[in-house]
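For reference, the structure discussed in these notes is given below.
Chains as they are written, first to last, in this note's numbering: chain A, 69 to 335; chain B, 397 to 793.
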């Protein structure tokens with residue numbers, strides 16, 4: 069089992085952001101997470117990447133994540149993207165991707181200062197891999213551009229390139245297509261599936277674009293008010309009454325046109 | 397990462413884009429011009445002091461080199477890693493007194509006492525780094541202020557090493573064995589101690605700058621900038637932010653220590669009073685005015701900030717409203733001792749308002765446009781200042 073979450077509970081003061089959440093993700097799976105705004109989806113990701121301290125258990129290939137610091141979790145092969153982007157504004161696209169590749173490059177301050185050949189060889193290899201990723205994601209025209217100057221859609225792509233540059237086993241995507249148009253979303257799906265196949269990734273994705281999640285996920289977790297309201301294949305979730313009522317507000321919504329289009333998260 | 401393995405080559409998501417330029421940005425010199433300039437700089441470091449006789453000019457440029465070195469260290473911490481410190485002067489002091497102990501009292505050779513000052517500064521910084529880096533922003537400034545007073549207290553209460561309030565003199569050896577910077581003899585010509593020391597200072601500065609450029613362009617340097625820009629995102633990428641910040645602090649202290657050692661060699665007398673808040677402020681202003689997080693910022697900043705007060709003092713009689721002592725003449729004006737503060741403040745305000753990226757950015761942009769002009773003058777027979785119509789539209793037709 070790639071990822072196993074058990075009895076995960078996270079409270080902020082009196083508010084239970086997550087309550088006894090448990091699910092499993094198999095290796096190579098594309099796992100979608102759906103839920104209305106405030107359902108606890110991003111809190112769940114923050115637990116997985118060590119930004120908050122919940123109770124319960126989260127294991128990746130049998131290794132416990134809770135209690136580890138974010139950079140230690142990254143060492144275990146877990147990478148994530150942020151909903152509002154975690155890019156380094158003053159650096160170039162290549163620079164951002166190379167920061168993503170941090171754990172794949174060897175050498176510290178001293179060996180760099182002395183121009184130690186091994187360090188610079190590893191640096192060159194990382195730059196070659198970064199260039200490959202740049203071509204793969206169609207970022208060639210922006211290779212040396214400062215990230216702050218790029219449009220939002222391009223920055224979202226850089227964010228994903230940065231995350232996969234670490235060569236992760238498990239990739240967590242937090243609303244990767246929020247704010248994108250239909251065409252950009254299709255493009256995103258194309259290259260994420262390609263990356264997944266090529267790098268043997270297991271992907272967990274939070275997204276509000278319900279049709280898209282239904283289309284590409286192997287299985288889906290539906291959350292509402294910090295609780296699991298359903299886990300299963302897209303077909304099972306589509307017919308899950310608790311899911312439908314969570315998204316549409318009333319049980320009568322079951323008769324409404326399928327696939328509600330909620331676009332939370334875009335500002 | 398198995399991007400290149402058996403999987404078929406993916407066609408780029410968007411076609412019609414130019415293929416990415418392949419350029420290795422971790423190299424020291426990216427263009428031929430840079431390689432030539434680097435060689436010229438090394439020649440100048442040796443040629444300049446040997447061809448200039450003015451003791452005033454040699455000592456001023458030596459001082460600039462020393463302050464640039466201390467600022468180079470602070471630039472790693474404040475420019476790249478984004479952590480503010482006013483206490484850089486304390487580490488300069490620690491280096492200076494370590495130099496007195498190793499080079500003066502213990503009479504060790506240059507190759508021992510000078511690296512010793514580097515290590516002393518770094519060790520002292522490592523001792524306090526965990527404290528200062530726990531704090532952020534304005535609290536960090538307050539703590540670094542406190543550090544200055546603690547350091548000063550330590551200095552004046554260790555009279556065996558520092559001479560207490562009175563200071564201590566030392567005559568360190570500047571000999572490498574085959575070459576003695578203290579008594580430089582080239583082609584039968586004897587050169588002064590200051591001329592030899594100039595070469596030593598600027599060679600150390602050049603080597604340090606190259607080391608810092610190497611760090612900045614590789615994994616460690618990117619980690620520093622990443623922590624400055626977005627600490628959480630940096631940690632998610634696998635960067636141990638706490639550790640990286642401590643490393644930056646230690647490097648800053650080490651380069652400050654090295655500068656202190658050279659300052660001790662230049663003055664051959666050091667006193668705790670020198671390493672107070674004034675020097676700490678001066679170094680921070682050098683880094684900001686020169687350009688935070690730039691390669692040449694510390695040097696440009698030091699050249700401007702450290703030389704203007706000295707020049708003002710030297711030429712006070714020619715400058716209106718400037719005198720050494722107003723108590724005798726009864727006129728109104730600025731005493732030379734205060735002019736430095738005035739200039740620092742003015743330079744800081746001007747830079748923050750007109751070019752927050754610092755003077756080195758202005759110089760860099762100016763240099764690049766000069767190069768462009770020169771290149772255009774070479775490639776076209778047209779007069780440089782009369783551009784061909786629509787040439788900027790790439791009209792090859």
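C-beta atoms are modelled at their ideal positions from N, C-alpha and C, and glycine is treated no differently.
Could you check the C-alpha separation between residue i and residue j for me, to the nearest Å?
{"i": "residue 180/A", "j": "residue 607/B", "result": "7 Å"}
{"i": "residue 664/B", "j": "residue 598/B", "result": "18 Å"}
{"i": "residue 671/B", "j": "residue 743/B", "result": "22 Å"}
{"i": "residue 312/A", "j": "residue 294/A", "result": "16 Å"}
{"i": "residue 423/B", "j": "residue 502/B", "result": "41 Å"}
{"i": "residue 238/A", "j": "residue 272/A", "result": "8 Å"}
{"i": "residue 477/B", "j": "residue 678/B", "result": "19 Å"}
{"i": "residue 753/B", "j": "residue 108/A", "result": "41 Å"}
{"i": "residue 79/A", "j": "residue 527/B", "result": "30 Å"}
{"i": "residue 759/B", "j": "residue 203/A", "result": "35 Å"}
{"i": "residue 126/A", "j": "residue 73/A", "result": "5 Å"}
{"i": "residue 142/A", "j": "residue 614/B", "result": "20 Å"}
{"i": "residue 134/A", "j": "residue 288/A", "result": "23 Å"}
{"i": "residue 628/B", "j": "residue 148/A", "result": "12 Å"}
{"i": "residue 210/A", "j": "residue 76/A", "result": "41 Å"}
{"i": "residue 145/A", "j": "residue 240/A", "result": "11 Å"}
Buried or exposed for residue i, please, with buried defined as at least 16 other CB atoms from any protein chain shown within 10 angstroms of its CB.
{"i": "residue 714/B", "result": "exposed"}
{"i": "residue 162/A", "result": "buried"}
{"i": "residue 69/A", "result": "exposed"}
{"i": "residue 565/B", "result": "exposed"}
{"i": "residue 199/A", "result": "buried"}
{"i": "residue 474/B", "result": "buried"}
{"i": "residue 206/A", "result": "buried"}
{"i": "residue 625/B", "result": "buried"}
{"i": "residue 307/A", "result": "exposed"}
{"i": "residue 212/A", "result": "exposed"}
{"i": "residue 716/B", "result": "exposed"}
{"i": "residue 702/B", "result": "buried"}
{"i": "residue 494/B", "result": "buried"}
{"i": "residue 426/B", "result": "exposed"}
Please report whether the beta-carbon of residue i lies at a distance below 8 Å from any beta-carbon of chain A.
{"i": "residue 467/B", "result": "no"}
{"i": "residue 397/B", "result": "Here the model assigns residue 397/B a pLDDT of 43, short of 50, so the residue's position is not dependable, and the following value carries that caveat. Yes, because at least one Cβ of chain A sits closer than 8 Å to the Cβ of residue 397/B."}
{"i": "residue 413/B", "result": "Reliability of the predicted coordinates at residue 413/B is poor, the pLDDT of 46 falling under 50, and no value is obtained from them."}
{"i": "residue 588/B", "result": "no"}
{"i": "residue 621/B", "result": "yes"}
{"i": "residue 525/B", "result": "no"}
{"i": "residue 357/B", "result": "The structure shown has nothing for residue 357/B, since chain B only spans 397 to 793."}
{"i": "residue 792/B", "result": "For residue 792/B, the predicted structure reports a pLDDT of 38, less than 50, and the residue's modelled location is therefore unreliable. A value from the coordinates is still provided. Answer no: the Cβ-Cβ gap between residue 792/B and chain A never drops below 8 Å."}
{"i": "residue 599/B", "result": "no"}
{"i": "residue 626/B", "result": "yes"}
{"i": "residue 338/B", "result": "Residue 338/B lies beyond the residue range present for chain B, which begins at 397 and ends at 793; the question has no answer from this structure."}
{"i": "residue 510/B", "result": "no"}
With a threshold of 7 Å (Cβ to nearest heavy atom), would residue i be considered close to the ligand PLP?
{"i": "residue 127/A", "result": "Of ligands this structure carries none, so the ligand PLP is not represented either."}
Is the Cβ of residue i closer than 8 Å to any Cβ of chain B?
{"i": "residue 283/A", "result": "no"}
{"i": "residue 148/A", "result": "yes"}
{"i": "residue 234/A", "result": "yes"}
{"i": "residue 221/A", "result": "no"}
{"i": "residue 307/A", "result": "no"}
{"i": "residue 312/A", "result": "no"}
{"i": "residue 269/A", "result": "no"}
{"i": "residue 321/A", "result": "Residue placement at residue 321/A cannot be trusted, given a pLDDT of 45 that sits under 50; what the coordinates show is reported in the next sentence. No, residue 321/A does not count as interfacial toward chain B."}
{"i": "residue 391/A", "result": "A query on residue 391/A cannot be resolved here, the shown segment of chain A reaching from 69 to 335 and no further."}
{"i": "residue 166/A", "result": "yes"}
{"i": "residue 173/A", "result": "yes"}
{"i": "residue 112/A", "result": "no"}
{"i": "residue 237/A", "result": "no"}
{"i": "residue 142/A", "result": "yes"}
{"i": "residue 98/A", "result": "no"}
{"i": "residue 170/A", "result": "yes"}
Roughly how far, in whole angstroms, is the beta-carbon of residue i from the beta-carbon of residue j, given that I think they are within contact range, below 8 Å?
{"i": "residue 732/B", "j": "residue 708/B", "result": "6 Å"}
{"i": "residue 662/B", "j": "residue 593/B", "result": "6 Å"}
For residue i, return the contacting residues in chain C, with the cut-off set at a CB-CB distance below 7 Å.
{"i": "residue 614/B", "result": "Given the protein chain composition of this structure (A and B), no chain C is represented."}
- Query: Can at least three beta-carbon pairs, one atom from the region 632–642 of chain B and one from the region 449–465 of chain B, be found at a separation below 8 Å?
  - Reply: Segment contact: the region 632–642 of chain B against the region 449–465 of chain B, fewer than three CB-CB distances shorter than 8 Å; contact not assigned.
- Cβ pair count under 8 Å reaching 3, the region 493–510 of chain B against the region 648–668 of chain B: As far as the Cβ criterion goes, the region 493–510 of chain B touches the region 648–668 of chain B, which means the pair count is three or higher.
- Would you say the region 130–145 of chain A touches the region 215–231 of chain A, given that touching needs at least three Cβ pairs under 8 Å? Put simply, the region 130–145 of chain A does not touch the region 215–231 of chain A. Fewer than three CB pairs are less than 8 Å apart.
- Query: Counting pairs of beta carbons, one from the region 252–270 of chain A and one from the region 96–103 of chain A, are three or more of them closer than 8 Å?
  - Reply: In this structure the region 252–270 of chain A lies against the region 96–103 of chain A, because at least three pairs of beta carbons, one per stretch, are closer than 8 Å.
- Message: Pairs of beta-carbons, one from the region 614–622 of chain B and one from the region 427–442 of chain B, closer than 8 Å: are there three or more?
- Response: At 8 Å Cβ cutoff, the stretches do not touch.
- Any contact of the region 173–191 of chain A with the region 108–124 of chain A, i.e. 3+ C-beta pairs under 8 Å? The region 108–124 of chain A and the region 173–191 of chain A do not touch, with fewer than three beta-carbon pairs separated by less than 8 Å.
- Would you be able to state if there are at least three C-beta pairs under 8 Å between the region 565–585 of chain B and the region 518–526 of chain B? Flag = no, the region 518–526 of chain B and the region 565–585 of chain B do not touch.
- Item | Sufficient close CB pairs (3 or more, under 8 Å) joining the region 483–501 of chain B to the region 526–543 of chain B | Touching, per the Cβ criterion.
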